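Chemist:
2 protein chains.
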Amino acid sequence: MSTTGNIDDSVRIMAEECVAVRLRLLTRAVTRIYNKALRPYGLNISQLNVLAAVAYIGAAKQQKVCQVLHMHKSTLSRDLTRMQAAGWIRSEAGEDGRVTILRVTSSGKKLLEKAFPAWEEAQKEAGKLLGEKDIVNLGRTVMTLRSKASAGS
Amino acid sequence: MSTTGNIDDSVRIMAEECVAVRLRLLTRAVTRIYNKALRPYGLNISQLNVLAAVAYIGAAKQQKVCQVLHMHKSTLSRDLTRMQAAGWIRSEAGEDGRVTILRVTSSGKKLLEKAFPAWEEAQKEAGKLLGEKDIVNLGRTVMTLRSKASAGS
DNA sequence: GCTCATTGGTTGAATATACAACCAGTCTTC
DNA sequence: GAAGACTGGTTGTATATTCAACCAATGAGC
Numbered sequence: 001m002s003t004t005g006n007i008d009d010s011v012r013i014m015a016e017e018c019v020a021v022r023l024r025l026l027t028r029a030v031t032r033i034y035n036k037a038l039r040p041y042g043l044n045i046s047q048l049n050v051l052a053a054v055a056y057i058g059a060a061k062q063q064k065v066c067q068v069l070h071m072h073k074s075t076l077s078r079d080l081t082r083m084q085a086a087g088w089i090r091s092e093a094g095e096d097g098r099v100t101i102l103r104v105t106s107s108g109k110k111l112l113e114k115a116f117p118a119w120e121e122a123q124k125e126a127g128k129l130l131g132e133k134d135i136v137n138l139g140r141t142v143m144t145l146r147s148k149a150s151a152g153s
Numbered sequence: 154m155s156t157t158g159n160i161d162d163s164v165r166i167m168a169e170e171c172v173a174v175r176l177r178l179l180t181r182a183v184t185r186i187y188n189k190a191l192r193p194y195g196l197n198i199s200q201l202n203v204l205a206a207v208a209y210i211g212a213a214k215q216q217k218v219c220q221v222l223h224m225h226k227s228t229l230s231r232d233l234t235r236m237q238a239a240g241w242i243r244s245e246a247g248e249d250g251r252v253t254i255l256r257v258t259s260s261g262k263k264l265l266e267k268a269f270p271a272w273e274e275a276q277k278e279a280g281k282l283l284g285e286k287d288i289v290n291l292g293r294t295v296m297t298l299r300s301k302a303s304a305g306s
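First to last, the sequence lines map onto chains A and B.
Take my numbering: the final residue in the first sequence is number 153, and no numbers are missing along the way.
Take my numbering: the final residue in the second sequence is number 306, and no numbers are missing along the way.
#1: Quick one: what's got a C-beta closer than 7 Å to A:Ser153's C-beta in the same chain, skipping five residues either side?
#2: I'd like to know whether the C-beta atoms of A:Met83 and A:Leu38 end up nearer to each other than 9 Å.
#3: I want to see whether chain B comes within less than 9 Å of A:Ser150, judged by CB atoms only; does it?
#4: Just verifying my parser: in three-state terms, what is the DSSP assignment at B:Leu282?
#5: When burial is assigned at 16 or more other CB atoms within 10 Å of the CB, is B:Asn159 buried or exposed?
#6: What are the start and end residues of the alpha helix (DSSP H) that includes A:Leu48?
#7: Checking the sheet assignment: what are the DSSP bridge partners for B:Arg307?
#8: Using a Cβ cut-off of 7 Å, pull out every chain A residue sitting near B:Leu97, in sequence order please.
#9: Does DSSP put A:Ala29 in a helix, a strand or coil?
#10: May I ask you to report which of helix, strand or coil DSSP gives B:Arg243?
#11: At a CB-CB cut-off below 7 Å, which residues of chain A make contact with B:Trp272?
#12: Suppose you measure from the CA of B:Lys189 to the CA of B:Val183; what does that come to, to the nearest Å?
#13: In chain order, what residues of the same chain lie with their CB nearer than 7 Å to the CB of B:Thr258, ignoring the 5 residues before and after it?
#14: Could you give the distance in angstroms between the alpha-carbon of A:Val19 and the alpha-carbon of B:Ile288?
#15: Does any residue of chain B bring its CB to less than 9 Å from the CB of A:Gln123?
#16: In terms of residues, what are the limits of the alpha helix (DSSP H) holding B:Arg256?
#17: Kindly give me the distance between the Cβ atoms of B:Leu265 and A:Ser10, rounded to whole angstroms, as I take these residues to be in contact under 8 Å.
#18: Could you compute how far the alpha carbon of A:Lys133 sits from the alpha carbon of B:Arg251?
#19: At the level of alpha carbons, what is the spacing between B:Lys217 and B:Leu298?
#20: Using only the alpha-carbon positions, how far apart do B:Ala304 and A:Glu92 sit?
#21: By the 8 Å beta-carbon criterion, what residues does the region 80-108 of chain A contribute toward chain B?
#22: Would you please verify whether the beta carbon of B:Ala173 is less than 9 Å from any beta carbon of chain A?
#23: Hey, B:Gln276 and B:Tyr187: beta-carbon distance below 9 Å or not?
#24: Is it right to say A:Arg22 is buried, meaning 16 or more other beta carbons lie within 10 angstroms of its own, or is it exposed?
#25: When you compare the CB positions of A:Leu48 and B:Met167, do they come within less than 9 Å of one another, or not?
#26: When the distance is taken between beta carbons, is B:Asn290 closer than 9 Å to A:Asn137?
#27: Across which residues does DSSP place B:Ala213 in a beta bridge pair?
#28: So with Cβ pairs under 9 Å, would you call B:Gly195 a contact of chain A?
#29: If you run the structure through DSSP and keep just helix, strand and coil, what is B:Asn159?
#30: Do A:Lys128 and A:Ile101 have their C-beta atoms within less than 9 Å of each other?
#31: Helix, strand or coil for A:Cys18? Go by DSSP, reduced to three states.
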């Protein structure tokens, strides 16, 4: 006990216990798994997540996608540019002149369908890495987070 | 029930159950917490993680840092450019002519020390978000991952 | 001692991510 | 109904992240 907080203690604690370092390195590892599996289909996990979210929601407002994925609006805006260029998503103006409505194109749907088995493979591998219990817990945390706030800033 | 695997099923499963989407969105949320807390100190959580890792290891080979943080070597290479420019880290050639040895400068140490309370604040907030049990589990998973492979590619 | 494979880092090119500042609609309030 | 607040998106700028290709140094076989 004691010598309340010298620099070495601080370093040790930040290196060993940081929640961000854990999450971030696991995310890097897991992202790699999915991206590798998806590479043959010409999209990455980030794009698949957006595509699946839009397909799932259906006629999705950009703002809504930001909220469920907890993404910054400027990030999504730019991701969408690429995905629209790829022909996977199309957008139209909403009733409210500010809002953009997103839809997955038929080409986008076809891609989701084709990539599904690869996604499943990656999902299985990620499952082995994390363990079933952790995955369930993460799901619960995500739900909590979603219920709290909108991330759009 | 039936119709084994139509497109809507695939979409629902990918949207609701994807491990990557969970990890990635939580990481975005948690990263935001730390970055907000650290902003006044002129570094972000990614940089703090590298800085703390180097300080913790001491005379760290780049390759080693990649391994413990599960970062790609090209990512670290570029991050280091910025951090050396900021004067937080200095590098020297190792015995082996290929290897680079990293050290935290005294200015880097001072920064770590100064930023520690802000990091603690963020850590506390992240703890509330995830819950103690999840954090412990993540820690275990990280250890497993580290024991498995080196990520350097 | 050469060739060849390996290893550690850097660089080109691309995407993801966020903050801040901005802009264009909409809503509120007087 | 005009001024000002609010909301949803885009754009400037910067960092993070990766893959692929490269380069330099080392190590292994012959």
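Heads up, the beta-carbon is just placed ideally off N, CA and C, and yes, glycines get one too.
Computed from a predicted structure; not experimentally measured.
Modeler: Let me spell this out:
#1: The sequence position of residue 153 of chain A within the first sequence is 153, counting from 1. Below a pLDDT of 50, predicted positions are generally treated as unreliable, and A:Ser153, at 44, falls in that range; no measurement from the model is reported.
#2: Numbered from its first residue, the first sequence carries residue 83 of chain A at position 83. Numbered from its first residue, the first sequence carries residue 38 of chain A at position 38. No; because the gap between Cβ atoms is not below 9 Å, this pair is not in contact.
#3: Against the first sequence, residue 150 of chain A aligns to sequence position 150. The predicted position of A:Ser150 is uncertain, since its pLDDT is 43 and thus under 50; a value taken from the coordinates is nonetheless stated next. Residue contact check for A:Ser150 against chain B: no CB pair falls below 9 Å.
#4: By one-based count along the second sequence, residue 282 of chain B stands at place 129. Residue state, collapsed to three classes: helix.
#5: One-based indexing of the second sequence puts residue 159 of chain B at position 6. With fewer than 16 Cβ atoms within 10 Å of its Cβ, B:Asn159 is classed as exposed.
#6: For the purposes of this step, residue 48 of chain A is taken as the residue at position 48 of the first sequence. Here the alpha helix (DSSP H) through A:Leu48 covers Ile45 to Ile57.
#7: There is simply no residue 307 of chain B to check, as chain B begins at 154 and stops at 306 in what is shown.
#8: Nothing can be reported for residue 97 of chain B: it is not among the residues displayed for chain B, which extend from 154 to 306.
#9: Along the first sequence, read from residue 1 onward, the residue named residue 29 of chain A stands at position 29. The answer is helix: DSSP assigns A:Ala29 an H, G or I state.
#10: If you number the second sequence from 1, residue 243 of chain B lands on position 90. Here B:Arg243 sits in strand by DSSP.
#11: Within the second sequence, residue 272 of chain B is the residue found at index 119, counting from 1. In chain order, Met14 make up the part of chain A whose C-beta sits under 7 Å from the C-beta of B:Trp272.
#12: One-based indexing of the second sequence puts residue 189 of chain B at position 36. One-based indexing of the second sequence puts residue 183 of chain B at position 30. Cα to Cα, the separation comes out at about 10 Å.
#13: Indexing the second sequence from 1 puts residue 258 of chain B at position 105. Contacts found: Gly240, Trp241, Ile242 and Arg243.
#14: Position 19 of the first sequence, counted from the start, is the residue given in the question as residue 19 of chain A. Position 135 of the second sequence, counted from the start, is the residue given in the question as residue 288 of chain B. Near 7 Å, if we compare the C-alpha coordinates of B:Ile288 and A:Val19.
#15: Numbered from its first residue, the first sequence carries residue 123 of chain A at position 123. Yes, contact with chain B.
#16: In the second sequence, counting from the first residue as 1, residue 256 of chain B sits at position 103. Counted as a single uninterrupted DSSP element, the stretch harbouring B:Arg256 is not any alpha helix (DSSP H) but the beta strand (DSSP E) occupying residues Thr253 to Val257.
#17: Counting from 1 along the second sequence, the entry for residue 265 of chain B is found at position 112. Counting from 1 along the first sequence, the entry for residue 10 of chain A is found at position 10. The C-beta separation of B:Leu265 from A:Ser10 comes to about 6 Å, placing the pair in contact by the 8 Å criterion.
#18: Counted from its first residue, the first sequence places residue 133 of chain A at position 133. Counted from its first residue, the second sequence places residue 251 of chain B at position 98. Using only the alpha carbons, I get a separation of about 42 Å.
#19: The residue you call residue 217 of chain B lines up with position 64 of the second sequence. The residue you call residue 298 of chain B lines up with position 145 of the second sequence. Each residue's CA atom was taken as its position, placing B:Lys217 and B:Leu298 some 14 Å apart.
#20: Residue numbering aside, residue 304 of chain B sits at position 151 when the second sequence is read from its first letter. Residue numbering aside, residue 92 of chain A sits at position 92 when the first sequence is read from its first letter. Because B:Ala304 sits at a pLDDT of 42, beneath the cut-off of 50, its placement in the model cannot be relied upon, and the point is left open.
#21: From the region 80-108 of chain A, no residue has a Cβ closer than 8 Å to chain B.
#22: Taking the second sequence and counting its residues from 1, the one referred to as residue 173 of chain B is at position 20. It does: the Cβ of B:Ala173 has a partner Cβ on chain A nearer than 9 Å.
#23: The sequence position of residue 276 of chain B within the second sequence is 123, counting from 1. The sequence position of residue 187 of chain B within the second sequence is 34, counting from 1. Yes. Within cutoff.
#24: As a working mapping, residue 22 of chain A is identified with position 22 in the first sequence. Buried.
#25: To locate residue 48 of chain A, count along the first sequence from 1; it is residue 48. To locate residue 167 of chain B, count along the second sequence from 1; it is residue 14. Annotated as proximal: A:Leu48 and B:Met167, with beta-carbon spacing under 9 Å.
#26: The residue you call residue 137 of chain A lines up with position 137 of the first sequence. The residue you call residue 290 of chain B lines up with position 137 of the second sequence. Yes.
#27: As a first step, residue 213 of chain B must be located in the second sequence, where it is residue number 60. Paired residue(s): B:Leu255.
#28: Here residue 195 of chain B refers to the residue found at position 42 when the second sequence is read from its first residue. The beta carbon of B:Gly195 does not come within 9 Å of any beta carbon belonging to chain A, so the residue lies off that interface.
#29: Start at 1 with the first residue of the second sequence, and residue 159 of chain B comes out as number 6. Reduced to three states, the DSSP call for B:Asn159 is coil.
#30: Position 128 of the first sequence holds residue 128 of chain A. Position 101 of the first sequence holds residue 101 of chain A. By the CB criterion at 9 Å, A:Lys128 and A:Ile101 fall outside the cutoff.
#31: Indexing the first sequence from 1 puts residue 18 of chain A at position 18. Residue state, collapsed to three classes: coil.
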